[in-house]
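Shown next, in structure tokens, is the structure this report addresses.
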Amino acid sequence: TPPAHVEAEITIDNKSSQKENLQIRIRNFLSNTSDGKIEYIPEDKLELPDVLIRNKVRIIDRDAEVSSIEIAPTDSKTLKLKIDVDSSIPHGDYYFSILFISNQPSSNTNSTSSYTGGGIAANILLSIGPYGATNGSINEFSTNFFLTHGPVQFTILLQNSSDHYIVPAGSITIKNMFGRDVGRVEMPRGYILANSRRMYEIIWPERFLFGLYRTTAVVNLSDTGPTFKRSIIFVSLPVYVLSSISLFIFVLIGIYLRVKRKI
48 TPPAHVEAEI
58 TIDNKSSQKE
68 NLQIRIRNFL
78 SNTSDGKIEY
88 IPEDKLELPD
98 VLIRNKVRII
108 DRDAEVSSIE
118 IAPTDSKTLK
128 LKIDVDSSIP
138 HGDYYFSILF
148 ISNQPSSNTN
158 STSSYTGGGI
168 AANILLSIGP
178 YGATNGSINE
188 FSTNFFLTHG
198 PVQFTILLQN
208 SSDHYIVPAG
218 SITIKNMFGR
228 DVGRVEMPRG
238 YILANSRRMY
248 EIIWPERFLF
258 GLYRTTAVVN
268 LSDTGPTFKR
278 SIIFVSLPVY
288 VLSSISLFIF
298 VLIGIYLRVK
308 RKI
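When the letters of the sequence shown are read in order and numbered with this note's numbering, they come out as residues 48 to 310.
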């Protein structure tokens, strides 16, 4: 909530055997609403609030603002990201990457970085409050209707219609044909950017399945709601049961045909 002074550390590891010279760039991005992946916004398409926030971002190395850094082989460097948010910045979400672009391509990545051609990027989600209302929906909750065995893969597509990013929490419960709880899996936590959607694929690892199952997904878009619920059913018959049923039907047909000939 402005006015505020935001600080965060960014540590860059050089895992190669040669010195790295990295240029520092800032690129705004948005979420592609069709698949949830981020897309960088062309410089000539930036709107005014995005341009303003970039002027507030500084990368500090040893108390000096820098636009490039040098890292020795197998060494690391810790920088400070500083953002001065004053009351003139409009409320809302601002998404951008701090790009560290190498003069030579590198394939070294880690689990907390996004890889770009010839560099790495630290993605920043800056939300300037106060927040508006949290809105959204479960656009899709599905699985294969007929299965012969597990594991079972569920798909949940969540829509964030808010003007700020959310980190929803949810779970899927599974009941058998007798109404007994036989399984529960948690939905992985992950950001959904403002006015975008995200697909989650969730695995129930149970392998032996038999009969009719009813599954219910419950999703909380935030700690204070709203909460959404969707239910679906699926049927599972093991291969040996299907084979037995097919054999039984084949025998019945054979008996019927023999009786019919005698009549």
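Backbone N, C-alpha and C fix where the C-beta goes; we use that ideal spot for every residue, glycine too.
Start and end residues, beta strand (DSSP E) containing residue i
i, result
"F76", "67 to 78"
"R105", "104 to 108"
"S115", "115 to 118"
"I88", "Unbroken run through I88: none, as it is neither H nor E."
"H52", "51 to 60"
"S174", "166 to 175"
According to DSSP, residues forming a beta bridge with residue i
i, result
"E253", "BP columns for E253 are empty, so no partner."
"L194", "S283"
"V232", "I219"
"L299", "L299 pairs with nothing; no bridge assigned."
Chain B contact for residue i (CB, 8 Å cutoff)
i, result
"R105", "Here chain B cannot be found, since the structure has a single protein chain."
For residue j and residue i, believed in contact at Cβ under 8 Å, the rounded distance
i, j, result
"W251", "P285", "Not quite, the Cβ-Cβ distance comes to about 16 Å (not below 8 Å), so this is no contact."
"G183", "N207", "5 Å"
"I213", "S269", "6 Å"
"I100", "Y141", "5 Å"
"P50", "V132", "6 Å"
Pairwise C-alpha distance: residue j and residue i
i, j, result
"E90", "G166", "19 Å"
"V266", "D108", "42 Å"
"T163", "N75", "Per-residue confidence for T163 stands at a pLDDT of 44, beneath the threshold of 50, marking its modelled position as unreliable; the derived number appears in the next sentence. Approximately 14 Å, taken between the alpha carbons."
"Y238", "L299", "56 Å"
"I59", "P273", "39 Å"
"R254", "I279", "19 Å"
"F193", "K222", "16 Å"
"T125", "I57", "6 Å"
"T156", "P235", "With a pLDDT of 48 at T156, under the threshold of 50, the modelled position of this residue cannot be trusted, and the question is left open."
"S158", "S63", "Only weak support is given to the placement of S158: the predicted model assigns it a pLDDT of 46, under 50, and the question is left unresolved by the model."
"A168", "E86", "13 Å"
"E94", "G230", "48 Å"
inquiry  = Does the structure place the stretch 238 to 247 close enough to the stretch 198 to 209 that three or more beta carbon pairs sit under 8 Å?
reply    = yes
ask   = Is it a yes or a no for the stretch 62 to 69 touching the stretch 110 to 120, going by three-plus beta-carbon pairs under 8 Å?
value = yes
task = Kindly confirm or deny that the stretch 220 to 233 and the stretch 253 to 273 touch, where touching means at least three C-beta pairs closer than 8 Å.
result = yes
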